[in-house]
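Here the protein sequences line up with chains Y and F, keeping their order.
Heads up, the first sequence is in our numbering, so the first residue is 1 and it goes up one at a time.
Heads up, the second sequence is in our numbering, so the first residue is 1001 and it goes up one at a time.
All C-beta atoms in this analysis are idealised placements derived from N, C-alpha and C, irrespective of residue type, glycine included.
Keep in mind it's a predicted model, so treat the numbers as computed, not measured.
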Amino acid sequence: ETGVTQSPTHLIKTRGQQVTLRCSSQSGHNTVSWYQQALGQGPQFIFQYYREEENGRGNFPPRFSGLQFPNYSSELNVNALELDDSALYLCASSLTLNTGELFFGEGSRLTVL
Amino acid sequence: QQQVKQSPQSLIVQKGGIPIINCAYENTAFDYFPWYQQFPGKGPALLIAIRPDVSEKKEGRFTISFNKSAKQFSLHIMDSQPGDSATYFCAATVGGGSQGNLIFGKGTKLSVKP
């Protein structure tokens, strides 16, 4: 059973660019959530996808968008990057809705210059 | 607006000591309170979780104490070991986490000295 995998692990972008981060959920999990973790802070909820539909969204602007594919893998897209977008982006999968346990990947470290 | 307040920010204990990390919340609709452990370079991993219908839950050396009236909960680590050195996050959510919207505290960096 493979865990949650994310790519890329590190990347550097400049302000105004766009970025796509990818996540493969744990085998058998149909729900994926994305979190942003700034340095020295707790993770902050961006949104969740369940069976390819957005199922909840945190306080993030529309330039943060996502997708979930039929195999339950997911993408996080961020447009018009800002310096404050520099953070660790964590993907977490869960078996399905109504289960509290999230299984996190190791994250994608984004630096915006 | 921070809905889960966690303290202390950092904690140093000797091996065998009992570190205690505290969290307070505001939203009385929260009904699921997990603790996550994060090692450097890794994602958070669920340690233990509690629902508000119980006041205490133990799993191995880890215990959650929950005080619903005070809107507080805490993590105790019995017989702490150097391998427990990590950052610990409390969290809370509504609906048992069905929308994945965990509200995390800012974290406590624990260092257990040999």
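When 36/Y, 103/Y, 59/Y are compared, the shortest CA-CA separation from residue 24/Y is found for 103/Y.
Residue 1057/F has 1064/F as its beta-bridge partners, per DSSP. The beta carbon of residue 53/Y lies closer than 8 angstroms to those of 68 in the same chain, with the five residues before and after it left out.
In the three-state scheme derived from DSSP, where H, G and I count as helix and E and B as strand, residue 83/Y is classed as helix. The beta carbon of residue 104/Y sits closer than 7 angstroms to some beta carbon of chain F. If the five residues before and after residue 56/Y are omitted, its C-beta is found closer than 7 angstroms to the C-beta atoms of 47, 48, all from its own chain and listed in chain order. Pairwise C-beta distances place the segment 80–98 of chain Y in contact with the segment 22–41 of chain Y, as three or more of them are shorter than 8 angstroms. Annotated as distal: residue 1054/F and residue 1025/F, with beta-carbon spacing of 7 angstroms or more.
Nearest neighbour of residue 1069/F by Cα position, chosen from 1015/F, 1027/F, 1101/F, turns out to be 1027/F.
Around the beta carbon of residue 74/Y, 16 or more other beta carbons sit within 10 angstroms, so the residue counts as buried.
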